[in-house]
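**Q** I'd like to ask some things about the structure below.
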Amino acid sequence: MKKVEAIIRKSKFDEVKKALHQIEVNFFSYWDVTGVGNEKLGHVYRGISYSTSEIQRRYLVIVVSDDFLEKTVNVLLDTASTGNVGDGKIFVSDVIEAYRIRTKESGSAGIN
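Read in order, the letters of the sequence shown are residues 2 to 113 in my numbering.
Rendered as structure tokens:
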């Protein structure tokens with residue numbers, strides 16, 4: 002099993018959620034987060050200067066079986082991208098075990 006953590010633009014969240022459901026990734030957690038990025042330039046919009054180094058994003062945590070990893074990452078790469086600086090990041094790590102509390106199932110059965 003793998004844990005996929007993605008930091009994406011809030012404006013892309015609904016599109017990403019819909020695409021994940023289409024590949025049958027139906028359970029994940031998310032939070033609104035603020036981060037500091039590499040971009041140090043400020044932008045001016047309607048005469049108001051704002052910093053792009055502190056940006057509002059959505060943080061997703063998705064645990065999938067190994068066979069769903071590639072599909073999940075590809076969906077995130079395709080749907081979360083705008084082609085501009087600040088599109089986000091994806092991190093993948095191993096999950097040793099997962100349990101469903103209600104049924105006490107473990108492994109892949111615990112996440113599906």
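Note that CB positions come from ideal geometry on N, CA and C, so glycine has one too.
Note that the coordinates shown come from a computational prediction; the quantities given were computed from them, not determined experimentally.
Alpha carbon to alpha carbon, how far is V62 from F29? Give it in angstroms, no decimals.
**A** The straight-line gap from Cα to Cα measures roughly 6 Å.
**Q** With DSSP run on the structure shown, which of helix, strand or coil describes G36?
**A** Residue state, collapsed to three classes: strand.
**Q** Reducing DSSP to helix, strand and coil, say where D88 ends up.
**A** If DSSP states are grouped into helix, strand and coil, D88 belongs with coil.
**Q** Name the two residues that bound the continuous alpha helix (DSSP H) containing K18.
**A** Its alpha helix (DSSP H) spans residues 14-23.
**Q** Please classify A110: is it buried, with 16 or more other beta-carbons within 10 angstroms of its beta-carbon, or exposed?
**A** Under this definition A110 is an exposed residue.
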